[in-house]
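Protein chains in written order, with the numbering used here: chain Z, 1 to 210; chain H, 1 to 210. Worksheet: one structure, shown below.
Number of protein chains: 2
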Amino acid sequence: MAETLKEKAYTSIRQRILDGTLKAGEFLTERSLVETLGMSRTPIRAALERLDVEGLVWYTPNKGLVVAEISLNRVDDFFDFRTALECHIVRKLAQRNWDQDDVDWFEENLRQQQQYVQDNDCARFTEADSLFHRKLARVYDNAEIVQTIESLQDRFYRTALSVLQKDAGHIQVSCEDHAAIFALIRQGEGDAAARKMEQHLVYGKRILVM
Amino acid sequence: MAETLKEKAYTSIRQRILDGTLKAGEFLTERSLVETLGMSRTPIRAALERLDVEGLVWYTPNKGLVVAEISLNRVDDFFDFRTALECHIVRKLAQRNWDQDDVDWFEENLRQQQQYVQDNDCARFTEADSLFHRKLARVYDNAEIVQTIESLQDRFYRTALSVLQKDAGHIQVSCEDHAAIFALIRQGEGDAAARKMEQHLVYGKRILVM
DNA sequence: TATACTCATTATGTATACAATTTAGATTCG
DNA sequence: CGAATCTAAATTGTATACATAATGAGTATA
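Right, dumping it as structure tokens:
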């Protein structure tokens with residue numbers, strides 16, 4: 001046997017938050033999750049404990065729990081955090097020799113992004129966008145940073161998706177930004193890549209908070 | 001009534017890890033914690049779940065748990081992560097107007113650091129050092145970054161302390177670095193402050209992995 | 001009518017019993 | 001003698017009973 005119920009509960013609840021089944025701001029009770037997931041409270045409480053630390057739900061002692069919401073003044077913090085990490089990453093990646101496999105991955109990813117822009121497919125573009133940023137962190141290969149960026153993306157995914165689908169115009173710009181950033185990295189222009197990344201993230205934030 | 005047993009357990013176990021009562025690499029059993037803390041397994045398991053996500057202990061399903069160790073190749077990741085965050089912070093802080101209270105805080109903290117260097121008091125210096133870096137994040141006032149830096153410091157504290165106490169010579173250099181970084185920030189020299197911070201952290205890492 | 005109080009309901013907090021898994025040591029077989 | 005297997009102890013995983021705190025409806029009172 002492999003997966004414990006605790007892990008199943010974690011995966012399942014997290015999935016429901018990310019795909020929007022459980023909406024931000026919604027109150028949860030352990031009993032409702034017991035019925036939905038068909039297990040006892042114990043593994044569910046363990047899963048919620050994890051999700052609380054990760055910031056996907058908020059626990060209040062003796063009160064209950066809520067699916068985490070992203071407040072607007074937190075959007076600033078999120079993008080600023082990403083700016084710190086991702087500018088650092090591209091600066092350092094520009095000074096590095098690359099595996100051909102990784103180069104191929106990005107070229108393919110950028111091709112797909114272009115395709116989704118042409119098709120005006122916001123959902124798929126957002127997915128490819130997310131993968132682009134995650135892959136930068138993974139190639140950079142700092143386990144701590146990878147985990148943090150992926151956790152930030154999780155917490156932000158629903159908010160981003162709901163807003164980005166309202167404004168299709170942005171994906172053209174974002175797509176060009178990604179291509180420019182990758183090109184600058186490959187040319188060894190770390191500072192320029194970092195500046196472009198910061199500009200890209202500022203642009204993304206403005207789309208979101210408009 | 002205020003604090004739940006779960007929170008007491010969390011605080012207590014975390015404290016025991018940070019102060020070295022529970023040593024890195026040591027195996028733990030829930031039963032031993034039950035006896036030590038005088039409560040049932042339930043709140044203890046909740047606390048351990050949190051500590052696992054935060055990286056202070058490692059859980060293995062059906063096996064047990066270990067107090068987290070910092071492997072040497074992870075030291076690189078830690079310092080690189082801090083570099084990304086703290087260089088960003090000082091760069092931005094240099095462009096900002098400061099409250100006099102905060103300026104006063106740093107001047108007092110730097111005075112203390114000098115005193116501890118004179119007294120050759122490594123433990124107190126390390127404490128002031130830690131506060132210096134935390135305060136930079138707090139003044140910068142990005143809640144996400146503050147939390148991450150403090151979490152990183154927690155996970156690193158024991159390793160840092162044990163090594164730093166072996167080499168007293170470094171505290172003189174670190175103290176001068178801190179003063180220089182703060183001065184550059186106040187002069188609005190963000191890039192220079194960031195360069196100094198990176199150099200400072202590289203120096204700190206080399207002390208640790210020597 | 002407004003307010004304060006009571007009490008039942010329902011939620012979470014905690015303890016504990018039981019199940020399943022791992023581990024180590026004893027035992028058996030080649 | 002060594003290796004594989006079985007068994008028992010201990011540990012974690014899970015379910016559940018009970019304790020306690022929060023909530024709200026209903027009622028009494030000013």
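Cβ atoms here follow ideal geometry from the backbone N, Cα and C, with glycine treated the same way. Because the structure is a prediction, the values reported are computed rather than measured.
Item                                                                                                                                            : Value
Please confirm whether Z:Ser12 has its beta-carbon closer than 8 Å to some beta-carbon of chain H.                                              : no
Z:Asn109 to Z:Phe78, Cα distance in whole Å?                                                                                                    : 24 Å
Less than 8 Å between the C-beta atoms of Z:Leu5 and Z:Arg82, yes or no?                                                                        : no
Return helix, strand or coil for H:Lys190, following the three-state DSSP convention.                                                           : The amino acid occupying residue 190 of chain H in the given sequence is Gly; Lys does not appear at that position. Looking at H:Gly190 - three-state DSSP - the assignment turns out to be helix.
Expressed to the nearest angstrom, what Euclidean distance is found between the alpha-carbon atoms of H:Val257 and H:Leu131?                    : With chain H running from 1 to 210 in the structure shown, residue 257 of chain H is simply not present.
Quick one: using the 10 Å Cβ neighbour count with 16 as the cut-off for buried, is H:Leu72 buried or exposed?                                   : exposed
Per DSSP, which one or two residues make a beta bridge with Z:Thr60?                                                                            : Z:Gly64
Pop quiz: H:Leu56 and H:Ala68 are said to be a contact at Cβ under 8 Å. What is the actual Cβ separation, rounded to whole angstroms?           : 5 Å
Under the DSSP definition of a beta bridge, which residues are partnered with H:Leu28?                                                          : H:Leu65
With H, G and I counted as helix, E and B as strand and the rest as coil, what does DSSP make of Z:Arg158?                                      : helix
Would you kindly work out how many angstroms separate the C-alpha atoms of H:Arg138 and Z:Gln115, rounded to a whole number?                    : 43 Å
Please list the partners that H:Leu85 has in chain Z, where partner means a Cβ-to-Cβ separation under 9 Å.                                      : Phe81, Ala84, Leu85, His88
On the DSSP letters alone, give me the boundaries of the alpha helix (DSSP H) that H:Ser130 sits inside.                                        : 122-140
Residue range of the alpha helix (DSSP H) that H:Glu108 falls in?                                                                               : 100-119
Could you pull the start and end residues of the alpha helix (DSSP H) that H:Ser12 belongs to?                                                  : 5-18
Can you tell which of H:Val53, H:Ala123, H:Cys87, H:Thr42 has its C-alpha closest to the C-alpha of H:Ala163?                                   : Checking the sequence shown, residue 163 of chain H turns out to be Val, not Ala. It is H:Ala123.
How is Z:Asn73 classed by DSSP in three states: helix, strand or coil?                                                                          : helix
Near H:Asp264, which residues of its chain fall below 8 Å by C-beta distance, leaving aside the five closest residues on each side in sequence? : Since the first residue of chain H shown is 1 and the last is 210, residue 264 of chain H is not available in this structure.
Run through chain H and tell me which residues come within less than 7 Å of Z:Thr4, C-beta to C-beta.                                           : Pro61
Kindly indicate which three-state DSSP category H:Gln165 falls into: helix, strand or coil?                                                     : coil
I want to verify the contact list: residues of chain H whose CB lies under 7 Å from the CB of Z:Ile44, in sequence order.                       : Correct list: empty, because the minimum Cβ distance to chain H is about 12 Å.
Starting from Z:Thr21 and walking both ways along the alpha helix (DSSP H), at which residues does that stretch end?                            : Unbroken run through Z:Thr21: none, as it is neither H nor E.
Going by other Cβ atoms of all chains shown within 10 Å of its Cβ, with 16 needed for buried, is H:Arg111 buried or exposed?                    : exposed
Which chain H residues are close to Z:Ala143, counting only those with a beta carbon under 7 Å from its beta carbon?                            : Asp77
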